[in-house]
Structures are given as structure tokens and as C-alpha cells.
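Only one structure is covered here, and it is reproduced in the block below.
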Amino acid sequence: MIDLLTTHYNYVASILLFGIGLYVVMGSRNLVKKIIGMNIFQVGIFLFFVTTGYVDGGAPPVVGHGEEAFVSPLPHVLILTAIVVGVSLTAVALALVIRIYDGYGSLDEDVIKEVQVDD
Numbered sequence: 008m009i010d011l012l013t014t015h016y017n018y019v020a021s022i023l024l025f026g027i028g029l030y031v032v033m034g035s036r037n038l039v040k041k042i043i044g045m046n047i048f049q050v051g052i053f054l055f056f057v058t059t060g061y062v063d064g065g066a067p068p069v070v071g072h073g074e075e076a077f078v079s080p081l082p083h084v085l086i087l088t089a090i091v092v093g094v095s096l097t098a099v100a101l102a103l104v105i106r107i108y109d110g111y112g113s114l115d116e117d118v119i120k121e122v123q124v125d126d
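Per this note's numbering, the very first residue in the sequence shown carries number 8; after that it's consecutive.
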């Protein structure tokens, strides 16, 4: 069991990042902390996809490299796209948080719900 954890530490790290991100998103009442938790969860997903795309002793998929095992470029391309989408999503979420703070005067979910009920 210990040998499995030491050889596949990337999977362990991605599972830890999943757990930490999910805990922060589910357990926090502050909207900025939820955005940070979402970003931690995204990093766990990125690490998982890059790790699954790794081929031990693999060569780049270029003509003329012989009969070696080739590495698929698809996971890396998907992660590059996901990073761009993640940064854009974070920017939009932070802009919405600023508007929510201007409108309600708080970033706590409970306070925002109380203000909505009072209106």
C-alpha cells in the first residue's frame, strides 16, 4: 500500500486537492473563499488529467521518432483550454462578488439571504 502511494503520488495529490477544494466550497459561507475553493478543485482536476496523459518513456508524436510509445497531446491541449476557461470564470465570479458586496454590504451567504428576505 505504501509503495502504491509513493509511486502514484500525483493521484494522491489530485485527490487531496479535490477534497480540500470541495470542503472549502461546501463549508465556507464567504463567497471569496468559495471562489478560492473552486480554483483549488480545478487545480486538482488539471493535475489528474495531466497525470493520466503521462506515458513512461513516451516520445512526442512527431514523424520520424521511430516505433516508440507516443504521448497523446490531447490531455495537455484540454488542460490549456481549461486553464483559460478557469481564469475567465474566476474573473467573472470575482466581478459578481464585487457587485454583491456593493448591493448587500456583505459577502456572507446568511447575511445576504437575510437582506433579501427583509426587502
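Note that the Cβ used here is the ideal one computed from N, Cα and C, for glycine as well.
Are the Cβ atoms of residue i and residue j separated by less than 7 Å?
i           : j          : result
residue 44  : residue 31 : yes
residue 22  : residue 53 : no
residue 76  : residue 65 : yes
residue 111 : residue 99 : no
residue 56  : residue 82 : yes
For residue i and residue j, I'd like the C-alpha separation in whole angstroms.
i           : j           : result
residue 101 : residue 70  : 45 Å
residue 7   : residue 36  : Beyond the ends of the chain as shown, which are 8 and 126, falls residue 7; an answer cannot be given.
residue 58  : residue 124 : 47 Å
residue 109 : residue 119 : 11 Å
residue 19  : residue 62  : 18 Å
residue 41  : residue 106 : 16 Å
residue 15  : residue 60  : 13 Å
residue 113 : residue 126 : 15 Å
residue 129 : residue 115 : Residue 129 is absent from the structure shown; the chain starts at 8 and stops at 126.
residue 80  : residue 10  : 29 Å
Within a Cβ cutoff of 7 Å, which residues of the same chain sit near residue i, ignoring the five residues on either side of it in sequence?
i          : result
residue 5  : Here the chain has residues from 8 to 126 only, and residue 5 is not among them.
residue 97 : 42, 46
Grab me the residues of residue i's own chain with a C-beta within less than 6 Å of its C-beta, minus the 5 sequence neighbours each way, in chain order.
i          : result
residue 27 : 47
residue 33 : none
Grab me the residues of residue i's own chain with a C-beta within less than 8 Å of its C-beta, minus the 5 sequence neighbours each way, in chain order.
i           : result
residue 117 : 36
Below 8 Å on the Cβ atoms is my guess for residue i versus residue j; work out the distance and round it to an integer in Å.
i           : j          : result
residue 104 : residue 29 : Not confirmed; about 20 Å, so no contact.
residue 84  : residue 67 : About 13 Å; that fails the 8 Å criterion.
Handout entry: Contained beta strand (DSSP E) runs [length at least 3] in the stretch 52–121, N- to C-terminal order
Key = none
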